[in-house]
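Residue numbers (this note's numbering), protein chains in the order written: chain A, 800 to 1129; chain B, 21 to 581. Think of the CB as a built atom: it goes at the ideal place given N, C-alpha and C, for glycine as much as any other residue. None of these values were measured; they are calculated from a predicted model. First the structure, in the form of structure tokens, and then the observations on it.
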Amino acid sequence: MQEAEWFKSTFDSIRREIGKAIVGQDDVVEGVLIGLAANGHILLEGQPGLGKTMLVRSLSKALSLDFSRIQFTPDMMPADVTGTNVLAQGDGGRAFEFRRGPVFAHILLADEINRATPKTQSALLEAMQERSVTVGGKKHILDEPFLVMATQNPIEQEGTYPLPEAQLDRFFFKLLVPFPTKQELSDIVTRTTGAADAEPEPVVDRDAILKMRQVVREVPVAEPVLDYGLSLVIATQPDNEGSSSAARRYVRYGASPRAAQTLITAGKVMALLAGRFNVSKEDLKRAAKPALRHRIGLNFEAEADGITPDRLVDEVIKFVETGDRDPIGV
Amino acid sequence: MNSSPILKSFSRRVRLVRAWVGLSIGLSVGALLAVVWAGLDWANILYAEWSSLGWLVGSCGLIGLLVGAFRGVSATALADSIDRRARLENRLSTAAERSSTSGAFDDALRQDATDHLKGLKPAKLYPIRLGKWHAGAALFSILAASIFLLGNTPLLLGKDAKATRAKMQEQAAKIDHVLKPMEEEAKKGELNPAEKKLAEDLKKLSQDLKKARIDPEKALQRQNELNKEAQKLQDERFQKADQSMQTAQQAFDKMQKEKLEQRMDMDPKGMTGAEMEQAKLDLSKMSPQDLRKALDLERKINDIKQQLKDPNLSKEAQDALKHKLDELSKMLANMHLSPAVQKMFDRMMQDPLWKEIQDAMMELQKKKEELQKLLDTSKKMGKQNQPGQPELTKEQQEAIRKAIEQQMKELEQMAKDLSSDKAMHEYLERLLQALKNGRMGGQGMGLGLGIGLGMGLPQQGAGAPSRDLFFANTGKIFKGKGEKSRGTTEMSTIRGQSRDVPGQNAYIEMRGPSTTGLRSSIPYQKVLPSYKHKADEAMNRQEIPPEHQKRVKKYFESLGQ
């Protein structure tokens, strides 16, 4: 019980610190922090200038963790991400020495990741999943916590390389960064054009983050809730027994098993944030869009009918809700 | 958590609500079935009554109620349901699952669930309310009632039709009166297949009459057919009874002869071996009837001889006995018994055990005669009363019928017992043993030679004593002194032309009352001209098919003769 309270208060303190630099974007901030607590990478998608980079930078400051940033460009090579072996002069003469790349940080901002070539993008694959980097046949373990926060611009398609499905699936959440409201915009302008910007202070260290992840794992999930989460994932499949009619019509490929893991883990974090000790179906519903939207591949018919992944997720939730009836039924 | 008293109160409430819903579902299903049944009843396919429809609906409702009340309520399902209804965000279902685990949050989780549960009222979460099933039950019930009413109500009928219907219902009640004992017997399994079928046919006729869904003339025709069938079945029973009686008689005769021989073998009393062999030979040549008669005469002679030994006997009495003795001796002499047999009889008459056997035989014979009388009476009950036949009250008829039924059963059983030599021997041995033990009195020694009418069917025919199905039960018994019953329903076969298929065909000519039951008090000669006139008019108006006009004319001509 105390751990749950500690979790919530820690989470809130990080959120407060980020709030000093970021105006609004509450859902995005919460999504990022859920990813952090759930040990999942985040893909941020939004127009330029919406504070994506600022958010990640603020987060690293609030957490007092190592932070590095890679601005992806088409000519970037994998070694620019992972690091490389270089010939160095030492006491015993010349020898190859591994120079660690920017991936060796607690928080990695992969800015405009879709501008890099697939070869470079895939350099992140091992790091994101295995938490290790192999260079020159040698495996280098990344320090925990390791959080990749990638951004991409949905407008500019010229000279970009859409992320492959395998890499997209490795992102815990895909968060859409919306344009701020007029009031928020006003606050942003006021705050950034004034005398001095408020800077987030470090409130949580590395160990606290690792402990938060441990606490999240302890939250129990009831069988009906788990079943509900699995039904959501299965309903996104185009040709499964539990497929929704919308998925059958509009989906090219559905969400992977990682999506189910994501839903449940995110649900656990949300339960703790809500002051509960159990995951509810409502938690899963809230987590559905950021967890599923990048894991569903829509077909041409969906594009023609203007169906977005979020709308499809709504349909999937409706479908599952219909079949999820009161077992007593009176 | 699972065994929490709070959850138990929810469980009880769920059972109650389920029973309520189950009742409505059962009633809906029952009412739907009742709609179908009422429809079938209207179409005259399946007979229905108010009570039967009510029973159907009620039974289904009760089944639904019981299923709802006693269906199991799983703790997991209940917790999940409460979570949904009280918006507990799966607290209860998670706590129920982790009721016995010790995770980091389990205690807190259980406490949290209990706290949330405390404020909840079972009746609020599971209210008893009217739903679509209740509406369905009401709707279908109204529909069933409407269909049944429309198919059965006399409100839409005219005055004459109502009167006809009332009469038909009266007749149906009479059939039911006769049918009831038959149905009881059928339940006990005492009717054979043909009798069962007759009972079913009678029931159908009764049902058709109750609903007036049968043409009166057709009903009359059907009733006569059934009466004929009943008569046939009754005759079969009589025949069977006769056969059983024959079997029993043969068994007695055989036993008598055997016992005679056995007794002589055991105690020859002065008879030589040659005499014994001769006696046995002569005995084997005697018919059972002669043997019975001879033994009877011997016995009576012996009795008189014994009486004559009494010194206190008056002179007149002695003379009378001597006279009778002479007569009996002459009768015995006329039977021309061989000397060996005569000697054997003389010897046997001195044997006290043989006397006992003879007494038993006499008793059996007496019983058989009594039952023969019952059989004759029964037969007469089923046929037209003869002149001079004593009039029987209803109670007497019923008593006779019951006595015959009982005796019939016992006779059948006895015939079964005597079905083989071995069985017969065993039976007779038991009988003799019973005689020796002095258990002979009462109950006809358990033999019960009897016959059975067993049918309880009304005997339709002229003068049938107050048992008619379709005619008014006047209680009057025609004694046959030249008085002819009205409403004769004898069937006769007349050759005629079939309407559809050319050639000879048989049809039944009904000679009975023109209405559905009551005998007319007007002599038919008086009404015949007007009916004939009406028939002529109908033929002129082409209301009667041309192929039947000749038959109608012939019918009226026959009445006029």
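- Within the stretch 897-956 of chain A, the alpha helix (DSSP H) runs of at least 4 residues that lie entirely inside it are, in chain order, 917-920, 922-929.
- Per DSSP, the unbroken alpha helix (DSSP H) holding Tyr1049(A) starts and ends at 1044-1049.
- Minimum Cα-Cα distance from Val932(A) among the listed residues Ser808(A), Ile954(A), Thr883(A) corresponds to Thr883(A).
- Of all alpha-carbon atoms in Ala837(A), Asp1123(A), Lys851(A), the one lying nearest the alpha-carbon of Leu843(A) is that of Lys851(A).
- Identification of residues in the stretch 853-881 of chain A having a C-beta nearer than 7 Å to some C-beta of chain B yields an empty set.
- At a cut-off of 8 Å between beta carbons, Lys1080(A) contacts chain B.
- Across the structure, Gln191(B) and Leu222(B) are spaced so that their CA atoms are roughly 12 Å apart.
- Listed along chain B are Asn110, Ser113, Thr114, each with a C-beta nearer than 8 Å to that of Val1024(A).
- Taken in chain order, the unbroken stretches of alpha helix (DSSP H) that lie wholly in the stretch 236-317 of chain B and span 4 residues or more are 236-286, 293-305.
- Any Cβ of chain B closer than 8 Å to the Cβ of Ile1116(A) would place that residue at the interface, and such an atom is absent.
- In this structure, Val1115(A) lies near Leu1031(A), with their beta-carbon atoms less than 8 Å apart.
- Counting C-beta pairs with one atom in each stretch, the stretch 956-973 of chain A and the stretch 911-918 of chain A have three or more that are closer than 8 Å, which means they touch.
- Counting only the Cα atoms, Val1119(A) lies some 7 Å from Tyr1027(A).
- Here DSSP, grouped into helix, strand and coil, assigns Arg1075(A) to coil.
- Glu911(A) is positioned such that its CB atom lies closer than 8 Å to that of Thr950(A).
- Approximately 5 Å separates the beta-carbon atoms of Leu946(A) and Ile906(A); this is inside 8 Å, confirming the contact.
- At least 8 Å separates the CB of Tyr67(B) from every CB of chain A.
- Ala232(B) carries a coil assignment under DSSP once its states are collapsed to helix, strand and coil.
- Residue contact with chain B for Ala836(A): absent (no Cβ-Cβ distance below 8 Å to any residue of chain B).
- Look at Gln569(B) here: in three-state DSSP terms it is helix.
- The shortest CA-to-CA distance from Ile65(B) to any of Gly46(B), Lys224(B), Phe90(B) is the one to Lys224(B).
- Here the stretch 143-154 of chain B does not lie against the stretch 167-184 of chain B, with fewer than 3 beta-carbon pairs under 8 Å apart.
- In this structure His553(B) is exposed. Its beta-carbon is surrounded by fewer than 16 other beta-carbon atoms within 10 angstroms.
- Contact annotation for Ser122(B) against chain A: no contact, minimum CB-CB distance about 11 Å [criterion: below 7 Å].
- Three or more pairs of CB atoms, one per stretch, sit closer than 8 Å, so the stretch 341-355 of chain B contacts the stretch 307-323 of chain B.
- Between Val822(A) and Asp1006(A), the CB-CB gap reaches or exceeds 8 Å.
- Proximity to Ser859(A) across Arg969(A), Glu998(A), Val976(A) peaks at Glu998(A), based on C-alpha coordinates.
- Distance check between Pro1126(A) and each of Ala97(B), Gly50(B), Ser304(B) places Ala97(B) closest, using alpha-carbon atoms only.
- Gly46(B) sits buried, since 16 or more C-beta atoms from the chains shown fall within 10 Å of its C-beta.
- Among the residues facing chain B, Ile833(A) is not included, as its CB has no counterpart in that chain under 8 Å away.
- Short of 7 Å from the beta carbon of Arg242(B), and not among the five residues preceding or following it, lie these beta carbons of its own chain, in chain order: Leu225.
- Across the stretch 810-826 of chain A, no CB contact with chain B closer than 8 Å is found for any residue.
- Restricting attention to alpha helix (DSSP H) runs no shorter than 4 residues, the stretch 967-1049 of chain A encloses them at 981-991, 1005-1017, 1022-1034, 1044-1049, ordered along the chain.
- Distance from the Cα of Gly834(A) is smallest, within the candidate group Met1069(A), Arg868(A), Glu1102(A), for Met1069(A).
- Counted as a single uninterrupted DSSP element, the beta strand (DSSP E) harbouring Val885(A) occupies residues 882-889.
- For Val37(B), a Cβ of chain A is located within less than 8 Å of the residue's own Cβ.
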